[in-house]
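Report on one structure; see the data block that follows.
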Amino acid sequence: MKFYLGTHQPGWLARDLGVPLLVSHRRLAGRRTLPRATTGWALDSGGFTELSLHGHWRTDATAYAVAVRRYATEIGHLDWAAPQDWMTEPHVLARTGLSLHTHQHRTVTNYLRLRDLAPDLPIIPVLQGQSADDYHRCADLYERHGIDLAALPLVGVGSVCRRQHTADVERIMRSLAARALRLHGFGVKLTGLARYADTITSSDSASWSLTGRYTTGCTPTHRSESNCLRFALAWHNRVLQTLTPDTDPREPQPDPSRGHHEHPTTRPRTPTPSHPADTRPADHRPATGPHPPTGNPRTGRTCRPGRRPERPATRHR
Ligand SMILES: [Zn+2]
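Counting in UniProt numbering, the sequence shown runs from 1 upward without gaps.
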């Protein structure tokens with residue numbers, strides 16, 4: 001089980017953190033120079049934000065394939081990339097005005113198109129739905145188009161982020177795993193992993209950043225912890241500890257809601273960011289202040305329970 005740390009700071013890719021990152025196309029598109037990754041990472045397409053804000057994809061498959069190819073070449077170490085899938089959360093359906101069935105069809109069509117355009121790129125298919133039956137119908141749809149899902153290294157499961165902790169999602173994951181699929185659960189974090197980590201190959205989350213928004217900064221230059229690398233790594237380590245059976249669960253765990261004065265000593269290779277302003281890494285030194293005014297993660301797919309994504313301060317980057 002591999003857990004990707006979601007981040008909206010692409011500069012972290014070059015930091016040799018020893019932690020796999022998930023970064024959104026929304027955060028990389030438009031950058032003239034890209035970081036060189038030192039370890040495997042995954043690309044999110046930013047669909048949740050795109051559809052929530054605009055009700056459709058403004059980037060066509062051809063342009064997206066070109067972008068993914070650039071990231072794979074220039075950043076390197078790309079484990080896989082999400083397609084331009086169509087989420088099925090009720091508010092996303094309301095925003096697009098389309099049916100769940102149409103979202104599933106468009107998701108499959110996009111994958112087929114991307115595969116034709118760029119068969120060499122590690123773009124994964126994603127299953128979309130709400131009920132377990134929906135997800136299986138979506139899997140059937142791929143297979144009717146000749147995609148042998150069980151033969152692929154990874155198949156994403158979307159639209160589970162807000163309910164990843166529920167028995168419904170556990171049932172969905174277990175039934176999909178029974179089809180011998182290697183699954184990536186988008187947005188599956190601690191409470192979901194506790195239920196069904198055994199059924200999935202990988203997952204990702206940037207929920208640390210939302211917690212960090214409401215956590216006092218660790219230094220005067222951090223108004224909150226929503227962008228703090230140290231805070232993020234402490235949270236990632238806590239996830240890993242829940243996944244490692246030989247870790248003593250009674251050991252005190254860092255609690256993001258209480259800041260991170262107690263940093264775990266067992267976390268992966270961590271070039272501890274030093275916080276005196278001059279020595280902080282460039283990506284940890286926001287141009288306009290300690291943290292962007294909104295301070296929230298916009299990795300794109302990341303959902304926040306009960307919230308819609310906030311409008312970006314700048315329309316596009
Ligand atoms: Zn901090």
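The beta carbon of each residue, even a glycine, is placed where N, CA and C say it ideally should be. Predicted model only: the values in this text are computed from it and were never measured.
Exposed or buried, which one is T96 when buried takes at least 16 other CB atoms within 10 Å?
Buried is the call here.
Pick from H236, L233, T211, A234: whose alpha carbon is nearest that of S224?
Of the candidates H236, L233, T211, A234, the one whose C-alpha sits nearest the C-alpha of S224 is T211.
One question on the structure: do T191 and H165 come within less than 7 Å of each other, judged by their Cβ atoms?
Yes, they are a contact pair.
Can you give, in chain order, each stretch of the beta strand (DSSP E) that sits fully within the region 197–239 and has at least 3 residues?
With a minimum length of 3 residues, the continuous beta strand (DSSP E) runs that stay inside the region 197–239 are 202–205.
Beta-carbon of S131 versus every beta-carbon of chain B: anything under 7 Å?
The structure shown contains no chain B; it holds only a single protein chain.
Three Cβ pairs or more, each shorter than 8 Å: is that satisfied between the region 45–64 and the region 10–17?
In short, these stretches do not touch, since the Cβ pair count stays below three.
Only counting the same chain, and skipping five residues up and downstream in sequence, which positions put a Cβ closer than 6 Å to that of D60?
So the list is empty, once near-sequence residues are dropped.
Along the beta strand (DSSP E) that carries S24, what are the first and last residues, could you check?
Here the beta strand (DSSP E) through S24 covers 21–24.
Using beta-carbon positions only, say whether M173 and Y142 come within less than 7 Å of one another.
Taking 7 Å as the Cβ cut-off, M173 and Y142 do not qualify as a contacting pair.
Kindly indicate the opening and closing residues of the beta strand (DSSP E) around V155.
Element bounds for V155: 155–157.
Is any heavy atom in ligand 1 found nearer than 6 Å to the beta carbon of G55?
Outside the cutoff, so no.
How would you call S131, buried or exposed, if buried means at least 16 neighbouring beta carbons within 10 angstroms?
Burial call: exposed.
From this set, S203, C228, P220, which residue's C-alpha is nearest L240's C-alpha?
Checking every option, the nearest Cα to that of L240 belongs to S203.
Please check the pair A206 and G6, which I expect to be a contact at CB under 8 Å, by giving their CB distance rounded to whole angstroms.
Going by Cβ atoms, the distance from A206 to G6 rounds to 3 Å, so yes, they are a contact pair.
Compare the Cα-Cα distances from P83 to each of H101, E89, L127 and report the closest residue.
Nearest C-alpha to P83: L127.
Is it true that the CB of L183 sits closer than 7 Å to the CB of V157?
The answer is yes: Cβ separation under 7 Å.
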